[in-house]
Amino acid sequence: MRPYSQFTVASYLMAPTLITVSHVGSLLILITGLSWASILWMALLYISRAMATTVIYHRLITHKSYQAPTWVKWGGSVVAASAGQLGPSCWKAHHLAHHQHTDRALDPHSPYAPPKDSRGLYWSHIGWLLSPRLLPTKLPLDVESDLVLRLIDRFHFIPLVALGIISYFIGGVEYLGAFFLSTTLLFHGVQTVNSLAHIFGAQPFATDDQSRNNSFVALLTMGEGWHNMHHAFQASSRHGITIRDGQVVYLPDPTFRFVKLMEFFGLASKLRVPAETDLLARAKHREPAYVSSSL
Ligand SMILES: [Zn+2]
Ligand SMILES: [Zn+2]
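Using our numbering, the letters of the sequence shown map in sequence onto residues 829 to 1123.
This is the structure we're talking about:
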């Protein structure tokens, strides 16, 4: 039995419903076309909501990789919820289960543990959200005990609907279509972390899962594609790190840059980043390329 009410279940079901509506609504642009202004609106909505998802939902609320004032958590969660990909409590519940059971049977969205009759790539990208896995078995206590975050979680669909209405009032049907398309693209962008970043890419760090560092996913997701590093150092506020030739190399990570900007303005503190010695200690050891001729 799930630990929450029928209202909560109905609320969570709104997410796949509205994402489906967004896919269909994107077809509006076939009628209206897209002006440069509406493309700009689309990009603004994509970047701001992607950033809120990674900066607030993932690196702050889920992994506590830095600290921020409560109002930043609340405000950022409203923006993240407007992506249409659930509220902070449900999002964290899914993600903690993913880290706890990565690529095993209880992982909600592993490409390596799909149910029968489902292909791994499809399951990890979309299928899991259209299945009973949408409903987590438990919700995180810290988020549930914050009344504002709980309200944002249960009414997560309101910011999305409001953004659609705002888009319509700014630029009519064309901007509404741009909003739907941005929401659809962002949905697929975020899901590539669950799908592609567990299938394709490098594994510079030793982990007991299939997580990968994938530059294409990193490009789509403000730096979240450095996913092997993230699985190796889950509490790190910086994901864009790899090991090359025995050296630590830093990679583009817009989310980390944004958190640094927040720190500059006093909105983030106690950023957690692993020491280079710890990074090197966790590097996957390779066999030497050659054996000395003196042996
Ligand atoms: Zn993962
Ligand atoms: Zn994570």
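All C-beta atoms in this analysis are idealised placements derived from N, C-alpha and C, irrespective of residue type, glycine included.
Inset, instruction - Throw me the rounded Cβ distance for the A1063 and H891 pair, which I believe falls under 8 angstroms. - result: 6 angstroms
Legend entry - Buried/exposed call for P943, threshold 16 Cβ in 10 Å: The residue in question, P943, is exposed, as its Cβ has fewer than 16 Cβ neighbours within 10 Å.
Legend entry - Nearest-angstrom Cβ-Cβ length linking V1045 and V1021, presumed shorter than 8 angstroms: Correct: roughly 6 angstroms between the Cβ atoms.
Legend entry - Nearest-angstrom Cβ-Cβ length linking L914 and S1010, presumed shorter than 8 angstroms: So it is not a contact: roughly 17 angstroms between Cβ atoms.
Inset, instruction - With hydrogens ignored, establish whether the beta-carbon of S1039 is closer than 6 angstroms to any heavy atom of ligand 3. - result: Ligand 3 is absent from the structure shown, which contains only ligand 1 and ligand 2.
Inset, instruction - Using a threshold of 7 angstroms, state whether the C-beta atoms of I980 and A878 are closer than that. - result: no
Legend entry - For Y1003 and I859, the rounded distance between their alpha carbons: Separation of I859 and Y1003 (C-alpha to C-alpha, rounded to the nearest whole angstrom) is 12 angstroms.
Inset, instruction - Compute the Euclidean distance between the alpha carbons of I1069 and T930, then round it to the nearest angstrom. - result: 21 angstroms
Legend entry - Per-residue DSSP class, three states only, for S1122: Confidence is the limiting factor: at S1122 the pLDDT is only 39, short of 50, which leaves the residue's position unreliable, though a coordinate-based value still follows. In the structure shown, S1122 sits in coil (DSSP, three-state: anything other than H, G, I, E or B).
Legend entry - Limits of the alpha helix (DSSP H) - the one that Y874 falls within: W864 to A880
Legend entry - Span separating the alpha-carbon of K966 from that of W902: 21 angstroms
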